[in-house]
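Each residue of the sequence shown is one higher than the one before, counting from 32 in the numbering used here.
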Amino acid sequence: MPVIAWWLLVLPLIAGAFLPLQAGINGQVAKHFGSVMGAAMLSFAVGTVALICVVLFQRDMPGIQALRGLSWYHWCAGLLGMFFIATAAFAGPRIGALLFMALVLAGQLGMALLLDHFGWAGFRQSSISLGKIAGLLLIFGGVWMIRRG
């Protein structure tokens, strides 16, 4: 197994820690607005402005040719993000941060298992194994235990 820089392990950990906080904040905004989609829109608008600033600062704007070269499914990533943000704002406050994130994690790992196995979406191909399936089943067991608790 190749050596991985420590910060490549820390960044996803921090990003993951921010997800329940983001869900809670978006849930509060949705309650304040009386609109889940309004909260999702505000979240994306703020994120879009932040990204525009970063891209302009880095002078890293993609050209028209690069945009034209994208396939239809490349444009769907934003829709997937919108679905997550809206779901977080709606479901997170109703089921609690721990259960929400356990379900998110179970869904993420289930999809990741398929993405790696088939090498889809640009991921390195890595076959499903009994150990990986067992790990995923343990995650689902954790979801069940959290739900019961």
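Ideal Cβ positions, reconstructed from N, Cα and C, are used throughout, including at glycine. Keep in mind it's a predicted model, so treat the numbers as computed, not measured.
Presumed contact (8 Å Cβ cut-off) between residue 70 and residue 61, rounded CB distance: 4 Å
Could you tell me which uninterrupted beta strand (DSSP E) segments, each at least 3 residues in length, are contained entirely in the region 111 to 176, listed from first to last along the chain? none
Can you name the start and end residues of the alpha helix (DSSP H) that residue 82 belongs to? 67 to 89
The region 71 to 91 contacting the region 124 to 136, beta-carbon criterion three pairs below 8 Å: no
Between residue 176 and residue 94, what straight-line distance do the alpha-carbon atoms span, to the nearest angstrom? 49 Å
Can you give me the C-alpha to C-alpha distance between residue 172 and residue 138, rounded to a whole angstrom? 13 Å
Residue 101 in three-state terms, based on DSSP: coil
Compute the Euclidean distance between the alpha carbons of residue 153 and residue 121, then round it to the nearest angstrom. 31 Å
Answer with yes or no whether the minimum CB distance from residue 62 to chain C is below 7 Å. No chain C appears in the structure shown, which is made up of a single protein chain.
For residue 79, which option in 38, 113, 51 has the closest C-alpha, if you only look at C-alpha atoms? 113
Run the CB neighbour count on residue 74, radius 10 Å, all protein chains shown included, and call it buried at 16 or more, exposed below. buried
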